[in-house]
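Colleague: To start, I am sharing the structure in question, which I have written as structure tokens.
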Amino acid sequence: MTEQSALITADLVDLDLPSANRRAAVGALAERLQKAGRVTDLTQFLADIEAREQQMPTGLEGGIGIPHCRSAAVTVPSLAFGRSTAGVDFGAEDGPARLVFMIAAPEGGDTDHMTVLAALARRLVRKAFKDELLGATDPGHVAEYIRKEVGA
Amino acid sequence: MKLLAVTACPTGIAHTYMAAEALEVAAEEAGHEIVVETQGSAGSTPFTPEQLAEADAIILAADVEVRDKDRFVHLPTVTAGVKKAIGGAPGLIEQAVAAAEAAPKGGAAGSAAAAAETQLAVKQSGPGVGSKVRGWLMTGVSYVIPFVAAGGLLIALGFALGGYQISDAPSVTQSFSWTSHTSWAALLFQLGSLAFGLLVPVLSGFIAYAIADRPALVPGFVGGLVAVEVHAGFIGGLASGLLAGGLVFWMKKWKAPRAIAGIMPVLVLPLVGTAIIGGIMFVVIGQPLAAVTTGLTTWLNGLSGSNAILLGALLGLMMAFDMGGPVNKAAYAFAVAGLSTNSQTALLIMASVMAAGMTPPLAMALATTVRKKLFTEAERENGRAAWLLGASFITEGAIPFAAADPLRVIPSLMAGSAVTGALSMAFGSTLRAPHGGIFVVPLIGNPFGYLVAIVAGTLVSAAIVIVLKSVGQKKKAAATTESPSAPRAAAHA
Numbered sequence: 033m034t035e036q037s038a039l040i041t042a043d044l045v046d047l048d049l050p051s052a053n054r055r056a057a058v059g060a061l062a063e064r065l066q067k068a069g070r071v072t073d074l075t076q077f078l079a080d081i082e083a084r085e086q087q088m089p090t091g092l093e094g095g096i097g098i099p100h101c102r103s104a105a106v107t108v109p110s111l112a113f114g115r116s117t118a119g120v121d122f123g124a125e126d127g128p129a130r131l132v133f134m135i136a137a138p139e140g141g142d143t144d145h146m147t148v149l150a151a152l153a154r155r156l157v158r159k160a161f162k163d164e165l166l167g168a169t170d171p172g173h174v175a176e177y178i179r180k181e182v183g184a
Numbered sequence: 448m449k450l451l452a453v454t455a456c457p458t459g460i461a462h463t464y465m466a467a468e469a470l471e472v473a474a475e476e477a478g479h480e481i482v483v484e485t486q487g488s489a490g491s492t493p494f495t496p497e498q499l500a501e502a503d504a505i506i507l508a509a510d511v512e513v514r515d516k517d518r519f520v521h522l523p524t525v526t527a528g529v530k531k532a533i534g535g536a537p538g539l540i541e542q543a544v545a546a547a548e549a550a551p552k553g554g555a556a557g558s559a560a561a562a563a564e565t566q567l568a569v570k571q572s573g574p575g576v577g578s579k580v581r582g583w584l585m586t587g588v589s590y591v592i593p594f595v596a597a598g599g600l601l602i603a604l605g606f607a608l609g610g611y612q613i614s615d616a617p618s619v620t621q622s623f624s625w626t627s628h629t630s631w632a633a634l635l636f637q638l639g640s641l642a643f644g645l646l647v648p649v650l651s652g653f654i655a656y657a658i659a660d661r662p663a664l665v666p667g668f669v670g671g672l673v674a675v676e677v678h679a680g681f682i683g684g685l686a687s688g689l690l691a692g693g694l695v696f697w698m699k700k701w702k703a704p705r706a707i708a709g710i711m712p713v714l715v716l717p718l719v720g721t722a723i724i725g726g727i728m729f730v731v732i733g734q735p736l737a738a739v740t741t742g743l744t745t746w747l748n749g750l751s752g753s754n755a756i757l758l759g760a761l762l763g764l765m766m767a768f769d770m771g772g773p774v775n776k777a778a779y780a781f782a783v784a785g786l787s788t789n790s791q792t793a794l795l796i797m798a799s800v801m802a803a804g805m806t807p808p809l810a811m812a813l814a815t816t817v818r819k820k821l822f823t824e825a826e827r828e829n830g831r832a833a834w835l836l837g838a839s840f841i842t843e844g845a846i847p848f849a850a851a852d853p854l855r856v857i858p859s860l861m862a863g864s865a866v867t868g869a870l871s872m873a874f875g876s877t878l879r880a881p882h883g884g885i886f887v888v889p890l891i892g893n894p895f896g897y898l899v900a901i902v903a904g905t906l907v908s909a910a911i912v913i914v915l916k917s918v919g920q921k922k923k924a925a926a927t928t929e930s931p932s933a934p935r936a937a938a939h940a
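Line by line, the protein sequences are chains A and B.
All the letters of the first sequence, read from the start, carry residue numbers 33 to 184 under our numbering.
All the letters of the second sequence, read from the start, carry residue numbers 448 to 940 under our numbering.
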């Protein structure tokens, strides 16, 4: 139970993310979420992600992209993490994203889970957190590190 | 330095918190204290009254509307997009510090102004429960005002175009002629009436929303509709909003089983809340509240002659007392709430309240124009802006003057506003819109009398301010030859 419902697990980590363009990167992470049974309707989910992206690109300074949405297609609040050596353009002013965090929140999710996502968002602006993820080699270790950092 | 910040983004799950973290880190590095209110989906902990009173400046880093902005009117504000806070937090902190340092208008007078503003802020935050209730009510009122404005102006335009029998015109769904101006007048009137029909539900809905967020919206709105249905008016709306908010707030604390936790906010809370509140409104408190509303309306309509003039003067005193603070807002809310009763006296009250609220900035503008020497350069600049602020019914335009020299300025402004309020009543000016200042004068009943009332109050206030300031100035000048800003500070102390 704990492993399946944890915010992020090893199979949600992609250390060699397809980097052709944003859709390829987002698609790869979304498929991981679907395979893990966390997203029911892939088309719906990708549409929701894209809708958020259209509102305002989610790329952040420092090589980070955080495609995210609340979607009825999401069953469990989840995080999928992808790392790209070449970088994927998420619309940040200072260039492509090397760390991509896909945050999937269910529609009307309860506050406890939102708190976890909030904790994650807070870590994203810390340098040590980014450095650890840039240097990591093992998906299982990445998932465990993120879980430990956000207290999930 | 003590800073506050609000962060908010469209989805409320990522940028809100990243911005908060970035600001906290940057503030700590720069050696300042900061408290961040994250208006995101993990719920937000509002600032305490102490935090609001002690803060030197606030940063609003948001891509969506910041909730309850009224709390920050007394603070120097730095506004930015939420991304700016993530990427450039140190810059925003610097800006906020600079804004806080620039805010006091130099030297001793500045600190007096700051002290006065802090006092105001402390008063505003008041004791725990009372200030909370006031906050909820004001949130509701703030959402209602645009409805009253749009609806009221549409109705007034309908009357202006089609005469006073336009309210009896047949529905435009049945008869509408593109070439008949009566049809257009009827259209405007009927649109306005529909907008007015939403007043009580919106009031109730957003009071509930202020208390318990989105799940309380439906119980609040439907409770408000029931209030209309049972003729309990805005008093019913206030009651249903508070009840709905309180009920949902309490229900949110239930530990729901995991299976239904996800649907609590979208289904269970609205459903159960609406059933309970709707039921209570219909069968328990609806009738008594309707009786109270009828009584109030009858009383308002019965007010005439010297009673009405006294009421106008009293409301005028209240409008000028704290210029946008709780007393002012109480008078204003009373007037706006009255509009929904459709009574003639309510329209008189609205007109009187708006006129009295326009006078303070206008009076200060006039005083700074005719007696430049009594004011600092900064005040003269404020004075120029005050013409427009006053004409637009933004009473807050007089705050800088009152903050710097409250003992002379506030009584002067109260006197003038009382005159204006009373005269507006005496002349029988009526107003259907809750805002708009000089720009809605063409739609006011007896506009000439209205303008006379405003001019009279402005003259009275300006004259008293000039006299009081001259007296203080001379005494001070005889006693000492300090810098120009010193006399006011000394007089304040």
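All C-beta atoms in this analysis are idealised placements derived from N, C-alpha and C, irrespective of residue type, glycine included.
As the structure is a prediction and not an experimental result, all values here were calculated from the model.
Buried or exposed, going by whether 16 or more other CB atoms sit within 10 Å of the CB of residue 571(B)?
Modeller: Because residue 571(B) carries a pLDDT of 40, less than 50, the predicted location of this residue cannot be relied on, and the following value inherits that uncertainty. Buried.
Colleague: Assess, as a yes-or-no matter, whether the region 100 to 115 of chain A is touched by the region 523 to 532 of chain B under the definition of 3 or more beta carbon pairs within less than 8 Å.
Modeller: no
Colleague: Taking only beta-carbon atoms, is residue 469(B) less than 7 Å away from chain A?
Modeller: For residue 469(B), the answer is yes, since a Cβ of chain A falls inside 7 Å of its Cβ.
Colleague: At 7 Å on the CB atoms, spell out the chain B contacts of residue 52(A), in chain order.
Modeller: What residue 52(A) touches in chain B: nothing, since even the nearest Cβ is about 24 Å away.
Colleague: I'd like to know whether the C-beta atoms of residue 712(B) and residue 666(B) end up nearer to each other than 7 Å.
Modeller: The Cβ atoms of residue 712(B) and residue 666(B) lie no closer than 7 Å to each other.
Colleague: Measure from the C-beta of residue 135(A) to each C-beta in chain B and report whether the shortest distance is under 7 Å.
Modeller: yes
Colleague: Can you tell which of 643(B), 851(B), 492(B) and 811(B) has its C-alpha closest to the C-alpha of residue 913(B)?
Modeller: Ranking the options by Cα distance to residue 913(B), first place goes to 811(B).
Colleague: Between which two residues does the beta strand (DSSP E) holding residue 452(B) run?
Modeller: 449 to 455
Colleague: Looking at residue 881(B) and residue 837(B), is the spacing between their C-beta atoms short of 7 Å?
Modeller: no
Colleague: Out of 737(B), 732(B) and 658(B), which has the shortest C-alpha to C-alpha gap to residue 698(B)?
Modeller: 658(B)
Colleague: Spell out whether any CB of chain B is found under 7 Å from the CB atom of residue 92(A).
Modeller: yes
Colleague: Round the Cβ separation of residue 613(B) and residue 643(B) to the nearest angstrom and send it over; I've been treating them as touching at under 8 Å.
Modeller: Actually they do not touch by this definition, with Cβ atoms about 14 Å apart.
Colleague: Do the region 891 to 900 of chain B and the region 843 to 851 of chain B make contact, defined as three or more Cβ pairs closer than 8 Å?
Modeller: Touching, no.
Colleague: Counting only beta-carbon atoms, is residue 457(B) nearer than 7 Å to chain A?
Modeller: Closer than 7 Å: yes.
Colleague: With a threshold of 7 Å between beta-carbons, can residue 667(B) be considered close to chain A, or not?
Modeller: no
Colleague: Does the distance from the C-beta atom of residue 594(B) to that of residue 649(B) stay below 7 Å?
Modeller: yes
Colleague: Mark residue 819(B) as exposed unless 16 or more other C-beta atoms lie within 10 angstroms of its C-beta, in which case mark it buried.
Modeller: Residue 819(B) is exposed by the Cβ-count criterion.
Colleague: Identify the contact partners of residue 472(B) in chain A, using a Cβ-Cβ distance below 8 Å as the criterion.
Modeller: Those within 8 Å of residue 472(B) in chain A are 157 and 158.
Colleague: Using a Cβ-Cβ cut-off of less than 7 Å, list which residues of the region 94 to 113 of chain A approach chain B; keep chain order.
Modeller: 98, 100, 101 and 102
Colleague: Under DSSP, the alpha helix (DSSP H) around residue 643(B) begins and ends at which residues?
Modeller: 628 to 644
Colleague: Please tell me whether residue 656(B) has its Cβ less than 7 Å away from any Cβ of chain A.
Modeller: no
Colleague: Using a Cβ-Cβ distance under 7 Å, would residue 533(B) count as near chain A?
Modeller: yes
Colleague: Residue 150(A) CB to nearest chain B CB: under 7 Å?
Modeller: yes
Colleague: Residue 492(B) versus chain A: which residues are under 9 Å apart at the beta carbon?
Modeller: Here the premise fails: no neighbours, minimum Cβ distance about 12 Å.
Colleague: For a contact defined as C-beta to C-beta under 8 Å, what are the partners of residue 153(A) on chain B?
Modeller: Going along chain B in sequence order, the residues near residue 153(A) (Cβ under 8 Å) are 460, 461, 462, 463, 464, 465 and 468.
Colleague: Using CA coordinates, which residue listed in 159(A), 108(A) and 51(A) is at the minimum distance from residue 77(A)?
Modeller: Checked all of 159(A), 108(A) and 51(A); the closest Cα to residue 77(A) is 108(A).
Colleague: Count the C-beta pairs between the region 532 to 541 of chain B and the region 458 to 477 of chain B that are closer than 8 Å, then say yes if the count reaches three, no if not.
Modeller: yes
Colleague: Our contact map puts residue 680(B) next to residue 578(B) with C-beta atoms below 8 Å; I'd like the distance itself, whole angstroms only.
Modeller: Their Cβ separation, rounded to whole angstroms, is 26 Å, which puts residue 680(B) and residue 578(B) out of contact at 8 Å.
Colleague: Count the other CB atoms, across all protein chains shown, that sit within 10 Å of the CB of residue 117(A); report buried if there are 16 or more and exposed otherwise.
Modeller: exposed
Colleague: How about residue 688(B): is its C-beta nearer than 7 Å to some C-beta of chain A?
Modeller: no
Colleague: Closer than 6 Å by C-beta to residue 461(B): which residues in its own chain qualify, once you throw out the five before and the five after it? Chain order, please.
Modeller: Answer for residue 461(B): no residue qualifies.
Colleague: Using a cut-off of 7 Å between C-beta atoms, extract the partners of residue 487(B) located in chain A.
Modeller: 150
Colleague: Between which two residues does the beta strand (DSSP E) harbouring residue 187(A) extend?
Modeller: Summary: the structure shown does not reach residue 187(A), with chain A confined to residues 33 through 184, and so no result is reported for it.
Colleague: What does residue 87(A) touch in chain B if you count any residue whose Cβ is under 7 Å from its own?
Modeller: Those are 457, listed as they occur along chain B.
Colleague: Nearest-angstrom Cα distance between residue 932(B) and residue 646(B)?
Modeller: Confidence at residue 932(B) is low in this model, with a pLDDT of 43, below 50, so the placement of that residue should be treated as unreliable; the coordinate-derived value is given next. Spanning the two alpha carbons is a distance of roughly 47 Å.
Colleague: Cα-Cα, which of 449(B), 785(B), 685(B) and 759(B) is closest to residue 875(B)?
Modeller: 759(B)
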